[in-house]
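Enquirer:
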Amino acid sequence: MDTALFKFINGLAGKVPFLGKLYSGIANDYFLPIIVVLILVALWFGTRDPQRRKKNQRVVLIALIAIGIANALVAITNAFYFRSRPFTVLPPNQVHLFFYRPTDSSFPSNFATVLFAPAITVFMTDKRAGIILLAIAVIGAFGRVFIGIHYPSDVLGGAVYGAFASLVAYWLGKLFNPVLSWLLNLMKTFYLV
Amino acid sequence: MFLKLSLAYSIPVFLAGIGVLQGCAAYNGLSGLLFSPKKIFSYALAVIMIGLALASLFDWNWRYATGIIQGAQQAEFSFLGILLALVFTAILASLINRSRFHTTYKDAEGYDVLRDRTFFQAIKQRFGRRS
Numbered sequence: 001m002d003t004a005l006f007k008f009i010n011g012l013a014g015k016v017p018f019l020g021k022l023y024s025g026i027a028n029d030y031f032l033p034i035i036v037v038l039i040l041v042a043l044w045f046g047t048r049d050p051q052r053r054k055k056n057q058r059v060v061l062i063a064l065i066a067i068g069i070a071n072a073l074v075a076i077t078n079a080f081y082f083r084s085r086p087f088t089v090l091p092p093n094q095v096h097l098f099f100y101r102p103t104d105s106s107f108p109s110n111f112a113t114v115l116f117a118p119a120i121t122v123f124m125t126d127k128r129a130g131i132i133l134l135a136i137a138v139i140g141a142f143g144r145v146f147i148g149i150h151y152p153s154d155v156l157g158g159a160v161y162g163a164f165a166s167l168v169a170y171w172l173g174k175l176f177n178p179v180l181s182w183l184l185n186l187m188k189t190f191y192l193v
Numbered sequence: 194m195f196l197k198l199s200l201a202y203s204i205p206v207f208l209a210g211i212g213v214l215q216g217c218a219a220y221n222g223l224s225g226l227l228f229s230p231k232k233i234f235s236y237a238l239a240v241i242m243i244g245l246a247l248a249s250l251f252d253w254n255w256r257y258a259t260g261i262i263q264g265a266q267q268a269e270f271s272f273l274g275i276l277l278a279l280v281f282t283a284i285l286a287s288l289i290n291r292s293r294f295h296t297t298y299k300d301a302e303g304y305d306v307l308r309d310r311t312f313f314q315a316i317k318q319r320f321g322r323r324s
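Heads up: the sequence lines are chains A and B, in that order. Residue numbering for the first sequence follows our numbering, beginning at 1 and increasing consecutively. Residue numbering for the second sequence follows our numbering, beginning at 194 and increasing consecutively.
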């Protein structure tokens, strides 16, 4: 089922090579993650309402924690489990590869994990920004399958890892609320909050 | 090669960071962070800088077919790029606006003080209060 779905999605890229090329830019390792970072910066500095700003700045810090946890979860998984990439398993004529050949484990998609972790974290506080970040995460996750470097279950796994990291980060944020408040107050001293 | 890749990644992040800060400062009325009193200039600068930076990251794989920056380093460079953008913005805007604001400051806290004074003026004011 996973392979069939991969072949279907990746096959679409094969039919329209222009889209494959376009997606190799959109879903590369840097383009969408930087957009996410810029949105987090915008949430930090671009919120007019002081009450909402307070919430947003706290959630940006929690989102950064979530990204850290998500990376750690992926690293731990990769230490015990390795899944080969689709282009190494399937015959070359069944994969339309629009990307370089990553050598790390296919599952979970680190890319999807890192995009979903802040998206879900922000969504819990700011629905509008959260939906934008979730849309970016979905586009990115789809793109990784489309260009032939992940199975659908890899990016789905990444989304689950991201959601889990987000929940853990939220819990940690509540547990260490005084530390976050102290950090925000320290930043306020230097006009950063 | 690593230095080349690091710069190829960090410079667009730095530029995009400046762009986002100019856009946010204009939207949020933080005149002390703006490079120009005209908001339209700040928005235009934001669009140009973010656009250039994203275009440069978009075609990464076509320029560096095998050039990879590992996730952890990517996070470090992103943080550094944004931090440098913030420092650069604070310094340049303080220099540009040094004679623009008067000393009749309104009560405010956090970065809201940058609505009517520059970063340098705000730091100087805080330091002056303590001494």
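Think of the CB as a built atom: it goes at the ideal place given N, C-alpha and C, for glycine as much as any other residue.
So, with DSSP's three-state summary, where would you put A:Leu175?
Expert: The residue given as residue 175 of chain A occupies position 175 in the first sequence. Helix at A:Leu175.
Enquirer: Alpha carbon to alpha carbon, what distance is there between B:Phe281 and B:Lys317?
Expert: For the purposes of this step, residue 317 of chain B is taken as residue 124 along the second sequence, with counting starting at 1. For the purposes of this step, residue 281 of chain B is taken as residue 88 along the second sequence, with counting starting at 1. So the two alpha carbons sit approximately 18 Å from each other.
Enquirer: Closer than 7 Å, CB to CB, is A:Phe80 near chain B or not?
Expert: Residue 80 of chain A sits at position 80 when you count from the first residue of the first sequence. Cβ-Cβ to chain B under 7 Å: no for A:Phe80.
Enquirer: Whole angstroms is fine: what's the gap from B:Thr311's alpha carbon to B:Gln215's?
Expert: The residue you call residue 311 of chain B lines up with position 118 of the second sequence. The residue you call residue 215 of chain B lines up with position 22 of the second sequence. Cα-Cα distance, rounded: 14 Å.
Enquirer: Say whether the region 59-74 of chain A touches the region 135-144 of chain A, bearing in mind that this needs 3 or more beta-carbon pairs closer than 8 Å, one atom from each stretch.
Expert: Because the criterion of three Cβ pairs below 8 Å is not met, the region 59-74 of chain A and the region 135-144 of chain A do not touch.
Enquirer: In terms of residues, what are the limits of the alpha helix (DSSP H) holding A:Asp2?
Expert: To locate residue 2 of chain A, count along the first sequence from 1; it is residue 2. First-last of the alpha helix (DSSP H) with A:Asp2: 2-15.
Enquirer: Give me, in chain order, the residues of the same chain whose beta-carbon lies closer than 6 Å to that of B:Leu238; leave out the 5 immediate sequence neighbours on both sides.
Expert: On the second sequence, position 45 is the one that residue 238 of chain B refers to. Counting only Cβ-Cβ distances below 6 Å, and skipping sequence neighbours, we find Gln215.
Enquirer: Would you say B:Ser229 reaches chain A, if we count a Cβ-Cβ gap shorter than 7 Å as a contact?
Expert: Counting from one through the second sequence, the residue named residue 229 of chain B turns up at place 36. Output row for B:Ser229: interface = no.
Enquirer: Identify which residue in A:Ile62, A:Leu38, A:Tyr161, A:Phe6 has its Cα closest to the Cα of A:Leu184.
Expert: For the purposes of this step, residue 184 of chain A is taken as residue 184 along the first sequence, with counting starting at 1. Answer by Cα proximity: A:Ile62.
Enquirer: With distances taken between CB atoms, is the gap from A:Ala70 to A:Ala165 smaller than 7 Å?
Expert: Indexing the first sequence from 1 puts residue 70 of chain A at position 70. Indexing the first sequence from 1 puts residue 165 of chain A at position 165. Yes. Within cutoff.
Enquirer: At least one CB of chain B closer than 7 Å to the CB of A:Phe116: is that the case?
Expert: Taking the first residue of the first sequence as 1, we reach residue 116 of chain A at position 116. It does not: the Cβ of A:Phe116 has no partner Cβ on chain B nearer than 7 Å.
Enquirer: Closer than 7 Å, CB to CB, is B:Thr259 near chain A or not?
Expert: By 1-based counting over the second sequence, the position of residue 259 of chain B is 66. It does; some Cβ of chain A falls within 7 Å.
Enquirer: For A:Lys55 and chain B, any beta-carbon pair shorter than 7 Å?
Expert: As a working mapping, residue 55 of chain A is identified with position 55 in the first sequence. It does not; no Cβ of chain B falls within 7 Å.
Enquirer: Grab me the residues of A:Ser24's own chain with a C-beta within less than 6 Å of its C-beta, minus the 5 sequence neighbours each way, in chain order.
Expert: Translated into positions along the first sequence, residue 24 of chain A becomes position 24. The answer, listed in chain order, is Phe98, Phe99, Ile147.
Enquirer: Consider the Cβ of B:Ser203: report whether some Cβ of chain A lies at a distance smaller than 7 Å.
Expert: Counted from its first residue, the second sequence places residue 203 of chain B at position 10. Closer than 7 Å: no.
Enquirer: A:Thr157 versus chain B: which residues are under 7 Å apart at the beta carbon?
Expert: Translated into positions along the first sequence, residue 157 of chain A becomes position 157. The residue you asked about is not Thr; residue 157 of chain A is Gly in the sequence shown. What A:Gly157 touches in chain B: nothing, since even the nearest Cβ is about 16 Å away.
Enquirer: Verify whether the separation of the beta carbon atoms of A:Ala13 and A:Leu22 is less than 7 Å.
Expert: If you number the first sequence from 1, residue 13 of chain A lands on position 13. If you number the first sequence from 1, residue 22 of chain A lands on position 22. Not in contact: A:Ala13 and A:Leu22 (Cβ atoms no closer than 7 Å).
Enquirer: Between the alpha carbons of A:Leu134 and A:Ala119, how many angstroms are there, rounded?
Expert: For the purposes of this step, residue 134 of chain A is identified with residue 134 of the first sequence, where counting begins at 1. For the purposes of this step, residue 119 of chain A is identified with residue 119 of the first sequence, where counting begins at 1. Approximately 5 Å, taken between the alpha carbons.
Enquirer: Assign B:Asn290 to one of two classes, buried (16 or more other C-beta atoms within 10 Å of its C-beta) or exposed (fewer than that).
Expert: In the second sequence, the residue the question calls residue 290 of chain B occupies position 97. B:Asn290 comes out buried.
Enquirer: So A:Tyr100 contacts chain B; which residues on that side make the cut at Cβ distance below 7 Å?
Expert: Counting from one through the first sequence, the residue named residue 100 of chain A turns up at place 100. Within 7 Å Cβ-Cβ: Asn254, Ala258, Thr259.
Enquirer: Rounded to whole angstroms, what is the Cα-Cα separation between A:Met1 and A:Ile35?
Expert: By 1-based counting over the first sequence, the position of residue 1 of chain A is 1. By 1-based counting over the first sequence, the position of residue 35 of chain A is 35. Approximately 32 Å, taken between the alpha carbons.
Enquirer: Below 8 Å on the Cβ atoms is my contact criterion, and I expect B:Leu279 with B:Gly210 to pass it. Report the Cβ-Cβ distance as a whole number of Å.
Expert: Along the second sequence, read from residue 1 onward, the residue named residue 279 of chain B stands at position 86. Along the second sequence, read from residue 1 onward, the residue named residue 210 of chain B stands at position 17. Confirmed, about 7 Å.
Enquirer: Would you kindly work out how many angstroms separate the C-alpha atoms of A:Val145 and A:Lys174, rounded to a whole number?
Expert: The residue given as residue 145 of chain A occupies position 145 in the first sequence. The residue given as residue 174 of chain A occupies position 174 in the first sequence. Approximately 36 Å, taken between the alpha carbons.
Enquirer: Taking its Cβ as the centre, do 16 or more other Cβ atoms sit within 10 Å of B:Gln267, making it buried, or is it exposed?
Expert: Numbered from its first residue, the second sequence carries residue 267 of chain B at position 74. By the 10 Å Cβ count, B:Gln267 comes out buried.
Enquirer: How would you write the range of the alpha helix (DSSP H) that A:Thr47 sits in, first residue to last?
Expert: Within the first sequence, the letter at position 47 stands for residue 47 of chain A. No alpha helix (DSSP H) contains A:Thr47, which DSSP labels as neither H nor E.
Enquirer: Residue range of the alpha helix (DSSP H) that A:Asn110 falls in?
Expert: Residue numbering aside, residue 110 of chain A sits at position 110 when the first sequence is read from its first letter. First-last of the alpha helix (DSSP H) with A:Asn110: 110-123.
Enquirer: Using the beta-carbon count (16 or more within 10 Å), is B:Asn254 buried or exposed?
Expert: Here residue 254 of chain B refers to the residue found at position 61 of the second sequence. When all chains shown are included, B:Asn254 counts as buried.
Enquirer: Excluding the 5 residues preceding and the 5 following B:Tyr202 in the sequence, name in chain order all residues of the same chain whose CB lies nearer than 6 Å to its CB.
Expert: Here residue 202 of chain B corresponds to residue number 9 of the second sequence, with the count starting at 1. Same-chain partners within the cutoff: Ile262, Phe270.
Enquirer: Would you mind reading off the limits of the alpha helix (DSSP H) that contains B:Val240?
Expert: Residue numbering aside, residue 240 of chain B sits at position 47 when the second sequence is read from its first letter. Counting along the chain, the alpha helix (DSSP H) containing B:Val240 begins and ends at 232-251.
Enquirer: For a quick check, are the C-beta atoms of A:Arg128 and A:Ser105 less than 7 Å apart?
Expert: What you label residue 128 of chain A is simply residue 128 of the first sequence in a count that begins at 1. What you label residue 105 of chain A is simply residue 105 of the first sequence in a count that begins at 1. Taking 7 Å as the Cβ cut-off, A:Arg128 and A:Ser105 do not qualify as a contacting pair.
Enquirer: Check the Cβ of B:Ile275 against every Cβ in chain A and list those closer than 8 Å, keeping chain order.
Expert: Within the second sequence, the letter at position 82 stands for residue 275 of chain B. Simply Val37, Val41.
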